[in-house]
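The structure appears below as structure tokens.
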Amino acid sequence: MAPLIDCIFLLLIFFMSTTVFPETAGIEVEKPKAVTGKALPKDRMLFAVSKTGDCYYDGRQRSLDEISEIIKAELAAKPACAVIVQPDRNSLTDHLIRILDTARKAGARSISIATKVVENE
Numbered sequence: 008m009a010p011l012i013d014c015i016f017l018l019l020i021f022f023m024s025t026t027v028f029p030e031t032a033g034i035e036v037e038k039p040k041a042v043t044g045k046a047l048p049k050d051r052m053l054f055a056v057s058k059t060g061d062c063y064y065d066g067r068q069r070s071l072d073e074i075s076e077i078i079k080a081e082l083a084a085k086p087a088c089a090v091i092v093q094p095d096r097n098s099l100t101d102h103l104i105r106i107l108d109t110a111r112k113a114g115a116r117s118i119s120i121a122t123k124v125v126e127n128e
């Protein structure tokens, strides 16, 4: 009986260590749809913009100053790191532009907007 339990625990550890969880910025947003979407780069920072204009990173609401500091710190460690902004489709463009401007001022060179890929709509 002991070898069977050992095998079960080994399988459990294997599945726990190989499971990939989707990366989110901490809130649920309804992404805008796009036909020409591409896969996200591997090194990235993901920011979400709620429909009320609040920005989230790593599950917490952040101010524009905090976002700037986060981006500067990440780029210092990984210069090729991309900034991905995930706006809610019902958020105002003004909120998105403020985040994009903050990222550019902080030194980000690769900035993208996350969308939901749809087939030929």
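Position in the sequence shown counted from 1, then plus 7, gives you the numbering used here.
For every residue, glycine included, the Cβ atom is placed at its ideal position computed from N, Cα and C.
Check your understanding: In whole angstroms, what is the alpha-carbon distance linking residue 109 and residue 123?
Key -> 24 Å
Practice item. Output yes or no for whether 9 Å exceeds the beta carbon distance between residue 98 and residue 49. Key: no
Point to revise | Simplified DSSP assignment, three categories, for residue 94 | key: strand
Review point. Which residue comes first and which comes last in the alpha helix (DSSP H) that contains residue 110?
Key: 100-112
**Study point:** Spatial distance of residue 61 from residue 53 (CA atoms)
**Key:** 14 Å
Review point. Who are the Cβ neighbours of residue 94 in its own chain at under 6 Å, not counting the five residues just before and after it?
Key: 56 and 103
Exercise for review: Would you identify the three-state DSSP class for residue 62, choosing helix, strand or coil?
Suggested key: strand
Review point. Where does residue 129 fall in DSSP's three states?
Key: Residue 129 falls outside the range modelled here, since the chain spans only 8 to 128, and no answer is possible.
**Study point:** Where residue 12 falls, given that 16 or more other Cβ within 10 Å makes a residue buried
**Key:** exposed
Check your understanding: Looking only at its own chain, which residues have a Cβ that is under 6 Å from the Cβ of residue 68, when we skip the five neighbours before and after it?
Key -> 61
Check your understanding: Around the C-beta of residue 15, are 16 or more other C-beta atoms found within 10 angstroms, so that it is buried, or is it exposed?
Key -> exposed
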